[in-house]
Structure formats: structure tokens, C-alpha cells
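To start, the structure itself, in C-alpha cells.
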Amino acid sequence: MALAAVKMALIALAFALAFSSHSAHWAEARAFYVFGDSLVDSGNNNYLVTTARADTPPYGIDSASHAPTGRFSNGRNIPDIISEQMGSEPTLPYLSPELTGPKLLVGANFASAGIGILNDTGIQFLNIIRIYKQLQYFNQYQQRVRRLIGPVGTRELVNQALVLITLGGNDFVNNYYLVPYSARSRQFALPDYVRYLISEYYKILERLYELGARRVLVTGTGPLGCVPAEIAQRGRNGQCAQELQRAAALFNPQLVEMIKEVNRRIGSDVFVAVNAYQMHMDFITDPRQYGFVTSKVACCGQGPYNGIGLCTFLSNLCPNRDVYAFWDAFHPTERANRLVVQQILSGSMDYMHPMNLSTILELDAART
Ligand SMILES: *[C@@H]1O[C@H](CO)[C@@H](O)[C@H](O)[C@H]1NC(C)=O
Ligand SMILES: *[C@@H]1O[C@H](CO)[C@@H](O)[C@H](O)[C@H]1NC(C)=O
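Numbering-wise, the sequence shown is residues -18 to -1, 1 to 350 according to mature numbering (1 follows the signal peptide of the UniProt record, and there is no 0).
Structure representation (C-alpha cells):
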């Protein structure tokens, strides 16, 4: 009897210790989960058989190692800079073998270059992690964390985490507008396609909520027609390509309305709309005011505006990446990513709806 009592006490003590050490963990930093496409992929595609990868120089030229990291940037991407601002280490790609043990508690990046809202977006890239697979991995991740800190701790870790999801650009660029008379463009007029995308995105956000996400930054698309690739291929006299701009102009406001609707249903501001379109338009419209010499010419590439083909070791490469808004034909430089994250942190309601990340961090800190 006495022995059993001691045993019970010891078990209780072990539990108390386990829980106190884990709450200490969470006090240090909240977990961060990332879903989406190449704008936020931190290297998952390096582990996959796909052509959508950033694993050769000069990608990563301004990273700590000056070597490619799998990010579609010269240095840090948006999730890295958000982690940095929260005082955390960057979240590892979910497929990285380094993502084990306590590292799991920092979070995980499930994003995969080339994917979209739709399952048929990016099929030309072969084996990439489509959004439903990313969500499935998120579920699998939680099972792994449960083995580490138990079900209650895992639930708390996930509920208190910050989540970022970036989708939609590829559903236009790498699907609807990929080739003339694409299957989707024959099936849908643009306004109907946009409505379809929004209804599918709704399901994805619902699933994310079911899986425990409670603070989710949802980015709309950037100005799709203003990236060097589109200026080079479709723009007239260096202007942004109108049809893609029209797509972004239809998609983004409907996304904001959809997010309001989901929040209304849930009865809480779980989802936060990030106006990536306006954040990019600011420095695209007036690059000099933001210290850029150009927002039309990519730093790395070839052809008009360095907007044709891939960024490789054979491409033109600008000497100073900080004065270019675009790194390659589609993706911003680290410096541009920093401007975007600045607005995510402290932007007004026009940029962050219904609130910015500073406000979120303050609110949630007060709550715990
Ligand atoms: C996409 O794939 C997922 C899982 O494979 C499935 O649940 C979903 O219904 C598919 N979406 C569409 C629109 O077909
Ligand atoms: C955004 O963040 C800043 C703090 O950096 C704050 O002063 C401001 O009021 C916030 N704006 C909104 C609309 O929440």
C-alpha cells in the first residue's frame, strides 16, 4: 500500500515536472507553422523529385552560409523574418531530417513551391506537396509531438501557435494562365474561376481550424502582373500585365470577405487577412522611395527585365541585392520581404485586417 502511494506520488511529480518544463518552453517562444507555395517554402522541395527547387547558386547568396537553402530568395524569406521578429529560430522544413525532438516544438514549415489552392495546380512540377498533403503532414506532426509532450500539451502548443498560409498565385500563373486555352480557362470565365478558388480556399481554412490552428495569417496574392516574368512576357512597354492584375484585383477582395465570413461563423478573429497586394504595390509603384533602383528588373535572370527563364549560375546577377525588389522572375529579395513583414507587424487596417501582428502578439501575451 505505502509503496503504491509513493509510486503514485512519484508519477504525479514526474507529470508536474514535465508540464512545468514545457510551459517554460512556450513562454520562450510560441510555435510557428507555415503552409503554402514558393513564397514561403523554406526547403521542402529539396527532398522531393521536382523541378520546382531553389537548390543551386546563386539562390541563398546572402544567407548565413552563402549557399542555396531551398528558399526562393537571395536570403531570408517572409517566414524567416517573422520568426526573427518573434525571437525564434527559423522553422525547419517538415521533410528535413533535423526536425526531431525539441526542434518540433519550434514549429514546422510544410510549404512546397509550385502548389496552389487546387489539386491540379502545378502538376507540371510533378512531385510537390499539395495543400491537402501539407494539412495531412500537420496532423502527422501533431502525432509526433504527442509522443513528446502528451495530448494536452500538444493541443495547447498548436492552439497557441502562429500560423501563416500563402496560396493562390500559382492557381493563376501555373494553372489558369499557364498556357493559352488551359483546361481551367476553358472551363471557367475569370470571375467564376475566382469564386471557385475562394470556395475551395474556404474548405482549406476550415480544415486548418479543425486541426487546431487559432491564429492564422492568410496572405492574398501579390500583384501577379507586376513580377519581372509577366512584365517581360505579357506587359506592354514595361507595364504590369493587365490580365494577371485583373485576376489579383478580383481574388484579393473576395478573400478578405471570405475570411470575415469564416471568423463570423467561428465567432472569433482566428483568420487575419494580409494585404500582400498593397504591401508589394507600395514599393512597385515608387521603388526609389523604398531604396530600390528598380522594381521591374529581377536581380537574377536573363532576357528583358531578367524575367525570362530560371535564375541559375549562368544568369545575370546584380551586385547589390538590397537595391532590387525582385530577386528572380517571380520572387522578392530579402530586403523586399523585410518591407512586407514590417507591414505585417505594424500595418494599418488597410494592410492587416482585422489587426496587425503586433496587436496579435500583445493580445495573446495578455491572455496567457
Ligand atoms: C483535392 O484533394 C483532396 C485530397 O486528396 C480531396 O479531399 C479534395 O476534395 C480535392 N479537391 C478537389 C476540389 O477535388
Ligand atoms: C499596428 O501596430 C502598431 C504597433 O506597431 C499600432 O500602433 C497600430 O495601432 C496597429 N494598427 C492597427 C490597425 O491595429
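Glycine included, each C-beta is placed from N, C-alpha and C at the ideal position.
Small disclaimer: the values here were computed from a predicted structure and weren't measured.
Coil, strand or helix - residue i by DSSP
| i | result |
| --- | --- |
| residue 116 | helix |
| residue 154 | helix |
| residue 296 | coil |
| residue 333 | coil |
| residue 256 | strand |
| residue 76 | coil |
| residue 308 | strand |
| residue 7 | Because residue 7 carries a pLDDT of 41, less than 50, the predicted location of this residue cannot be relied on, and the following value inherits that uncertainty. Looking at residue 7 - three-state DSSP - the assignment turns out to be helix. |
| residue 351 | Lying outside -18 to 350, the shown extent of the chain, residue 351 is not represented and no answer is given. |
| residue 209 | coil |
| residue 233 | helix |
| residue 102 | coil |
| residue 221 | coil |
| residue 171 | coil |
| residue 40 | coil |
| residue 176 | helix |
| residue 182 | helix |
| residue 110 | coil |
| residue 59 | coil |
| residue 71 | coil |
| residue 267 | helix |
| residue 123 | helix |
| residue 190 | helix |
| residue 226 | helix |
| residue 397 | The chain is shown only over -18 to 350; residue 397 falls outside these bounds and no answer can be derived. |
| residue 30 | coil |
| residue 250 | coil |
| residue 136 | helix |
| residue 319 | helix |
| residue 341 | helix |
| residue 23 | coil |
| residue 195 | coil |
| residue 84 | helix |
| residue 165 | helix |
Supposed contact pair residue j and residue i - C-beta distance, whole angstroms, cut 8 Å
| i | j | result |
| --- | --- | --- |
| residue 52 | residue 36 | 6 Å |
| residue 99 | residue 17 | With 8 Å as the limit, residue 99 and residue 17 do not qualify as a contact, their Cβ atoms being about 11 Å apart. |
| residue 254 | residue 331 | Going by Cβ atoms, the distance from residue 254 to residue 331 rounds to 11 Å, so no, they are not a contact pair. |
| residue 93 | residue 24 | 7 Å |
| residue 130 | residue 153 | Residue 130 to residue 153, Cβ: 36 Å. No contact. |
| residue 141 | residue 196 | 5 Å |
| residue 54 | residue 20 | 5 Å |
Counterpart residues of residue i in DSSP-defined beta bridges
| i | result |
| --- | --- |
| residue 290 | 284 |
| residue 15 | 90 and 145 |
| residue 314 | 308 |
| residue 201 | 148 and 256 |
| residue 276 | 306 |
Status (buried if at least 16 other CB within 10 Å, exposed otherwise) for residue i
| i | result |
| --- | --- |
| residue 313 | buried |
| residue -16 | With a pLDDT of 44 at residue -16, under the threshold of 50, the modelled position of this residue cannot be trusted; read the value that follows with caution. It is exposed - the Cβ of residue -16 has fewer than 16 other Cβ atoms within 10 Å. |
| residue 173 | exposed |
| residue 271 | exposed |
| residue 273 | exposed |
| residue 339 | buried |
| residue 102 | exposed |
| residue 316 | buried |
| residue 345 | exposed |
| residue 249 | exposed |
| residue 4 | Only weak support exists for where residue 4 lies, its pLDDT of 42 falling under 50; the value from the coordinates is given anyway. Buried, because 16 or more other Cβ atoms sit within 10 Å of the Cβ of residue 4. |
| residue 355 | One cannot answer for residue 355 here, as it falls past the ends of the chain, which runs -18 to 350. |
| residue 295 | exposed |
| residue 108 | exposed |
| residue 165 | exposed |
| residue -10 | With a pLDDT of 44 at residue -10, under the threshold of 50, the predicted position of this residue should be treated as unreliable, though the coordinate-derived value follows. It is exposed - the Cβ of residue -10 has fewer than 16 other Cβ atoms within 10 Å. |
| residue 12 | buried |
| residue 91 | buried |
| residue 163 | exposed |
| residue 88 | buried |
| residue 219 | exposed |
| residue 40 | buried |
Next item on the list: Indicate whether the contact test is met: 3 or more Cβ pairs, each with one atom in the region 171 to 190 and one in the region 131 to 143, closer than 8 Å.
Entry: no
Next item on the list: Say whether the region 121 to 128 touches the region 39 to 49, bearing in mind that this needs 3 or more beta-carbon pairs closer than 8 Å, one atom from each stretch.
Entry: no
Note to self: Assess contact between the region 164 to 181 and the region 199 to 215, defined as three or more Cβ pairs (one per stretch) separated by less than 8 Å. Is contact present?
What the structure shows: no
Notebook entry, point to check: With a cut-off of 8 Å, do at least 3 Cβ pairs link the region 101 to 117 to the region 61 to 73?
Noted result: no
Check: Does the region 195 to 211 touch the region 139 to 153, meaning 3 or more C-beta pairs lie closer than 8 Å?
Finding: yes
Margin query: I'd like to know if the region 323 to 330 and the region 72 to 79 are in contact, where contact means that at least 3 CB-CB pairs between them fall below 8 Å.
Written below: no
Note to self: Could you check whether the region 223 to 240 touches the region 298 to 310, counting it as contact only if at least three pairs of C-beta atoms, one from each stretch, sit closer than 8 Å?
What the structure shows: no
Margin query: Three or more C-beta pairs under 8 Å: does that hold for the region 283 to 291 against the region 17 to 32?
Written below: no
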